[in-house]
Amino acid sequence: MDAFAPAHTVHAAAGAAPVLQAKGLVKRYGQVIALDGADFELRAGEILAVIGDNGAGKSSLIKVLSGAIMPDAGEILLDGQRIQFKSPIDARKAGIETVYQDLAVAPAMTIAENLFLGRELLRPGIRGSLLRMLDKKKMRAASAARLAELKVGIHSMTQAVETLSGGQRQCVAVARAAAFARHVVIMDEPTAALGVKEGRMVLELICRVRDQGLPVILISHNMPYVFEVADRIHIARLGRRAAVVQPKKISMSDTVAVMTGAMPASELPPECLA
Amino acid sequence: MDAFAPAHTVHAAAGAAPVLQAKGLVKRYGQVIALDGADFELRAGEILAVIGDNGAGKSSLIKVLSGAIMPDAGEILLDGQRIQFKSPIDARKAGIETVYQDLAVAPAMTIAENLFLGRELLRPGIRGSLLRMLDKKKMRAASAARLAELKVGIHSMTQAVETLSGGQRQCVAVARAAAFARHVVIMDEPTAALGVKEGRMVLELICRVRDQGLPVILISHNMPYVFEVADRIHIARLGRRAAVVQPKKISMSDTVAVMTGAMPASELPPECLA
Amino acid sequence: ADAPVIGLITKTETNPFFVTMKEGAVAEAKKLGAKLVATAGKADGDNAGQVTALENLVAAGAKTILIAPNNAQAIVPAIKKARASGVMVIALDSPTDPVDVVDALFATDNYKAGELIGQYAKAAMAGKKPVIAMLDLLPGHPVGAQRHNGFLKGFGLPTLEAHSNELARPPEVVCMADSFGDRTKGQTAMENCLQKNPDINLLYSINEPAAAGAHKALKAAGKEKNILIVAVDGGCAGIADVDRGVIAATSQQYPLRMAAMGVAAGVEYAKTGKKASGYTDTGVTLIAAKPQAGVDSQDVKTGASLCWGKK
Amino acid sequence: MPSITFRRPPQVTLATLGPFIALILACAFFASQSERFLSAQNFSLILQQVMVVAVIAIGQTLVILTAGIDLSCGMVMALGSIVMTKMAASHDLSAPLAIACGIAVTVLFGLVNGLLVTKIALPPFIVTLGTMNIAFAITQLYSDAQTITDIPEGMTLLGGTFVLGQTAIVWGAVLMLALYLIVWFALRETAPGRHVYAVGNNPEATRLTGIATDRVLLGVYMLAGLFYGIAALLSVARTGAGDPNAGQTENLDAISAVVLGGTSLFGGRGMILGTLVGALIVGVFRNGLTLMGVSSVYQILVTGILVILAVATDQLSRQGVR
Amino acid sequence: MPSITFRRPPQVTLATLGPFIALILACAFFASQSERFLSAQNFSLILQQVMVVAVIAIGQTLVILTAGIDLSCGMVMALGSIVMTKMAASHDLSAPLAIACGIAVTVLFGLVNGLLVTKIALPPFIVTLGTMNIAFAITQLYSDAQTITDIPEGMTLLGGTFVLGQTAIVWGAVLMLALYLIVWFALRETAPGRHVYAVGNNPEATRLTGIATDRVLLGVYMLAGLFYGIAALLSVARTGAGDPNAGQTENLDAISAVVLGGTSLFGGRGMILGTLVGALIVGVFRNGLTLMGVSSVYQILVTGILVILAVATDQLSRQGVR
Ligand SMILES: Nc1ncnc2c1ncn2[C@@H]1O[C@H](COP(=O)(O)OP(=O)(O)OP(=O)(O)O)[C@@H](O)[C@H]1O
Ligand SMILES: Nc1ncnc2c1ncn2[C@@H]1O[C@H](COP(=O)(O)OP(=O)(O)OP(=O)(O)O)[C@@H](O)[C@H]1O
Ligand SMILES: [Mg+2]
Ligand SMILES: [Mg+2]
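See below:
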């Protein structure tokens, strides 16, 4: 199955192993089982949407994939190699960038600082290498450029993130992830708080990222958006993967039916599955 | 204009003053002008949607209406009476309940506690009136019932809110507002983090609230939802009210065009306006 | 039989005076075959901590408890309770109020210690108009008040009685500040006093560390020559300062002697059941490098050989 | 929906038990080291020794639960004890009246703290740093720095004992335990109690739900003042005197008891009974080490190590369970 | 979009100026009360008096910015000064070597604090409560509670003065000011500096952005230890002695300076220069009140009132501006 990346993802590395794969992930919180043996597979150059009811374990799944939490069981493979992320640092080092649902920003710090947190641009020469001095001007300019791409009307990059509106904050988090990813981009509901215009910009951004060859994991409750951009859809249910479907070959209502449990995945016609 | 409440809002009090009205609201944060002379009008028994780009001042507007922040200028009228909310307590006392965009929950406290925060159910008799003893069992049962209405699968009401998924948290906030409103319900993006099923439940809930005679202010970026349930649509732009339109008589694309500034409100045909 | 347990409760953990007292007690206990458990208040003036220590020592089986009371009056009920359970309690360093709630008292007369240096200062000033700075202990501390008021009495200025806890302040005293008996705080206090009145020519210090700190301040201001410094304590470091001319005179007291006497009494009680009784003034001696006519004093050599009661 | 019904997440139970386990471990250790340690009478003694700090720590817990801190607690307690003893000794007031005066003063200080924190929105640390100094100075001035010993019988009743089995127990310790039970009940089972947690947990959200957060804070600081007043009475009853030098180390002691008991300095999370355990841990260390014959410098050293060890064991065991 | 370009929201500027205004007000008050107050020499004196606490407060600020607290600062400083003086006096080490030993010990304590906070995730309050006691006990034991006065020249160089205009200025005060400038620069202009703020502001988010928060914390505690070591050297240079009694009030003093300077105890918000101002406020009060001839109990009273007033004026003026 892996050999056949969807035809329209031009950058799919033919026949290669999945970029990111997980098998039998389990995560318990006390008696709550957030992940109950979940499988996962992301192929090269695709946009993989992950959908599911509230509490289906989507955020838990991507937190495991991005090293934010450690699973109780299960294994993860990156480019076919077994890996173990002990912390988000490991995932970053592997080139995986994530927009978390609760945004993970430092509220008292400025937009530019948040964008470059942990990856600050330093001054050239010894001032940068030895003193680790920040190139604040360059970071401000780069931040402004990134946010302009998303058409979000924030003009001052020295504004504290806590003074931004809900949607503006989300744009900061999205811009950060898109700017730094080298291997995989994970976005947990990146458009949830966004307006129509800003939401479309994020969708365009996601497509642009994919077209540059990076695979994207997109978690969203917005079915029209999902069906518009996803190459494949991973349906999460009760802490497991219920099915992976082809948006081109399945209707939105069938997908929702599987997602909510109204229809068992086994009743789907096999050609819908991916 | 007030005399003509939309025909399909059966409970609209004919000819009465608007339930909640605001004129020329101004709110500045440092040099950022969040509200720049915004007007507002909510009629009896209607669902009024408020839409606008990110940062258009929607949250600021409803924060002023719910007493969470004090405007720098402008006046608010409730049932035609000039009022001044000095704190959210005043608004609550007037029967106005709000779901804030950032949810306003106490993360370490349980679901039941959050639902009833500030309005706890007390034991009958002297234990309640004098000792202010909580009727925890009753609160748990009532909370479970409220959340069941939203079809959200949380079973334990003694779980801390911080352990809930993003959507589950939002359900708690929505359930709280709907349960206690007596005059006006304000919801700032109540469905943003919700799944398809849960989102629909909240829409149903909003309609049910309206059908009970309470007017609802719904802020949302989800245009299909807005067009499905709203009686009128308030378009916010650059800190002002750009227009109020009739969803039955205007297309979604025209609405979005006005909202994003692609089309000036003055170009709208007059019959679209409400 | 088990070695008799003797408890020692000093005022604080850090004051060199009480540390010396503790060392003296430990040495004596070792010599006499007793087990010494030393505890202390948490800070100068901490009564509650001493009450707790007293109770715990009784619970630990101490038959004799030596205590340097932080609060002469507030400690009384706890001492009464301890004695009621058959423990001999001896006050060291300063008396309880009333005096006779303890079996015996081995102590310095702090008022007299102040008086001695007051008399010495009066003679040494030789009629010069005094401009006095006083570095006291801390607000509300009886030892601080007794030395302060005693000094003024010795100097012949209006003052208060020995039992008073207030500090007299005649006009000749141009600056009064708290040093907490601490070197650094003494230095800061003196700096500020000099800023207030640069003509200070007589300094009374609650103890020698504070005096040493004050001397540092004076030296920095280039004023150490024109001033007479007197203090109380007589520790070995203090006597060395007298020798160096930093301090003109000090009233020496004898914590080691107090401790040794206390431990010996405890061992005696354990062996024979005979309790010590009454007040033993362990004495104060004025130590000065330059003796003044009409004031009895010992020289530095004697002082060094006796410092804090070293044998 | 991957969630199973349960009453209480297990983490909470463990967080609550943590300090208690540390206390049990400490007791077991001392019992093995000294045969005098494990007796009813010795425990009664420890209770009696910690009762003043423990009652102060109730007030401190309330303040810390609201994400505040109260540095003035010890000095306000000292002032209260001076006022009540001096009212009786110098102004010949009857014991109950004098006690009421003392407690009124401590509550007044709580009111002042509360007003400054709520109305002017000053940081609690600064406010109580200021009132700590003010209370200390007033104590010294009002008492002339003299200990007040001439106090009526009625004021030391709580220092009296009754015998249970063969153990003499101080009434004050019983009062202290009773106060803990009352506050435990109030925090857990009443609406105002839950509001204290809510204010500390998310003040803005609490304000938005329509709770008068200022009134809750004001109430907490005044209640804290009340507890300091009761602690003042206990301290008078225990020492039989009004001591102007009391209270100097009690603020750190009380805050330590609260934190050792598992309450977060960031507010909104914690258990009042943990504070009692925290206060007891300190008392048990001091008592046990003295019984072992450890001298006080070493006691301080060992206490430092044990405090860290106790909390670390708790923490590590919790991580293990996870 | 209703937003206008601006460099820095005005609130920040005011929050930073606040403590400074309070300091100016205090100075104006004392200048009006005593003609001796307003002289270059007096200010040099005040600088010199606050330099030890001010350097300790640098370390404390770093720790508090990460939402921690360090109760051990004063005792660790005292231990450092004892180690360096004793190394020189008893073991005949040369001054630089002895100083290095002292600083090594304080950094070691910082390392221990940091490891306990990061690896076992203990609350900083508990950890440093423990190490405070440990450092105190070691100081007493190692020094036999004796002041060490027999120290080499080279160790007190920073206590020497140079003359500027007609004012004698202590080298140590210059070092202190230099340290503030360096830390101010580092916190503001370098990547590690911003990470300190980020860790205090939202530790979880900072961890998720891939910053090794544990390493940042460890670095901060060790750096704090370094500053305590430098403070130890300054204290030796100032008093000319190694004093085992030092450091007992420095933790409250240093934390007060930090909070007075406008840094939040909840971490992530604050300015290092505010801390310097906070330390100066305390020094100015003590100096000014002594110059006015206010006796010590009244000094404490007035300090209490002024601390509240200073911060309240600042706060009220800021509310007015809004
Ligand atoms: N820290 C935690 N402690 C306890 N339970 C948790 C915790 N985090 C998540 N859970 C539980 O695990 C389950 C899955 O949560 P998760 O956040 O992965 O859901 P989700 O699919 O992302 O939902 P949503 O669409 O609402 O964001 C939920 O029932 C949630 O309550
Ligand atoms: N506390 C604050 N301090 C400074 N600026 C603020 C503050 N709150 C809001 N703003 C600014 O005011 C403007 C309006 O914000 P508001 O939250 O009302 O927008 P919104 O319409 O709700 O946007 P969204 O759809 O993204 O939630 C934004 O530019 C925002 O940055
Ligand atoms: Mg989620
Ligand atoms: Mg908003």
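Going down the list, the sequences are from chains H, C, B, X and E.
Quick note: to get our numbering, add 11 to the position in the first sequence (first position is 1).
Quick note: to get our numbering, add 11 to the position in the second sequence (first position is 1).
Quick note: to get our numbering, add 1380 to the position in the third sequence (first position is 1).
Quick note: to get our numbering, add 1 to the position in the fourth sequence (first position is 1).
Quick note: to get our numbering, add 1 to the position in the fifth sequence (first position is 1).
Note that CB positions come from ideal geometry on N, CA and C, so glycine has one too.
Source: prediction; values computed, not measured.
So what does DSSP say about residue i, is it helix, strand or coil?
i: ARG251 (chain H); result: strand
i: PHE21 (chain X); result: helix
i: THR191 (chain E); result: strand
i: GLU209 (chain C); result: helix
i: LEU310 (chain E); result: helix
i: HIS1595 (chain B); result: helix
i: ARG239 (chain X); result: helix
i: GLY1387 (chain B); result: strand
i: GLY48 (chain H); result: strand
i: SER1631 (chain B); result: strand
i: VAL1756 (chain B); result: In this structure chain B extends from 1381 to 1691, so residue 1756 (chain B) is not present and cannot be described.
i: VAL106 (chain X); result: helix
i: ARG8 (chain E); result: Because ARG8 (chain E) sits at a pLDDT of 29, beneath the cut-off of 50, its placement in the model cannot be relied upon, and the following sentence gives the value as read from the coordinates. ARG8 (chain E) falls in the coil class under three-state DSSP.
i: ASP199 (chain H); result: strand
Quick one: does the C-beta of residue i sit closer than 6 Å to a heavy atom of ligand 4?
i: LEU69 (chain C); result: Checking the sequence, you will find Lys at residue 69 (chain C) rather than Leu. Result yes, Cβ under 6 Å from ligand 4.
i: SER176 (chain H); result: yes
Does any residue of chain E bring its CB to less than 7 Å from the CB of residue i?
i: ARG1527 (chain B); result: no
i: LYS1605 (chain B); result: no
i: THR314 (chain X); result: no
Cβ of residue i versus every heavy atom of ligand 1: is any distance shorter than 6 Å?
i: ALA45 (chain H); result: yes
i: ASN1395 (chain B); result: no
Given the structure, does residue i come close to ligand 2, in the sense that its CB is under 6 Å from one of the ligand's heavy atoms?
i: TYR111 (chain C); result: no
i: TYR40 (chain C); result: yes
i: GLY85 (chain C); result: no
Counting only beta-carbon separations shorter than 7 Å, does residue i have a partner in chain H?
i: ALA122 (chain E); result: no
i: ILE273 (chain E); result: no
i: ALA268 (chain C); result: no
Does residue i have its Cβ less than 7 Å from a Cβ in chain C?
i: GLY220 (chain X); result: no
i: THR191 (chain X); result: yes
i: ASP146 (chain H); result: no
Can you confirm whether residue i, when its beta carbon is compared against all beta carbons of chain B, has any partner nearer than 7 Å?
i: ARG270 (chain E); result: no
i: GLN50 (chain E); result: yes
i: ASN203 (chain X); result: no
Please confirm whether residue i has its beta-carbon closer than 7 Å to some beta-carbon of chain F.
i: VAL260 (chain E); result: Here chain F cannot be found, since the structure's protein chains are H, C, B, X and E.
State yes or no: is the beta carbon of residue i nearer than 7 Å to at least one beta carbon in chain X?
i: ILE100 (chain C); result: yes
Next on the checklist: Pairs of beta-carbons, one from the region 224-234 of chain C and one from the region 54-69 of chain C, closer than 8 Å: are there three or more?
Outcome noted: Because the criterion of three Cβ pairs below 8 Å is met, the region 224-234 of chain C and the region 54-69 of chain C touch.
Checklist entry - Using 8 Å as the Cβ pair cut-off and three pairs as the minimum, do the region 216-225 of chain E and the region 104-116 of chain E touch? => result Taking a cut-off of 8 Å on C-beta distances, the region 216-225 of chain E touches the region 104-116 of chain E, as three or more cross pairs fall below it.
Item to check | Cβ contact (3+ pairs, closer than 8 Å) linking the region 200-216 of chain X and the region 105-116 of chain C | outcome: With a cut-off of 8 Å, the region 105-116 of chain C and the region 200-216 of chain X count as touching, because enough Cβ pairs lie within range.
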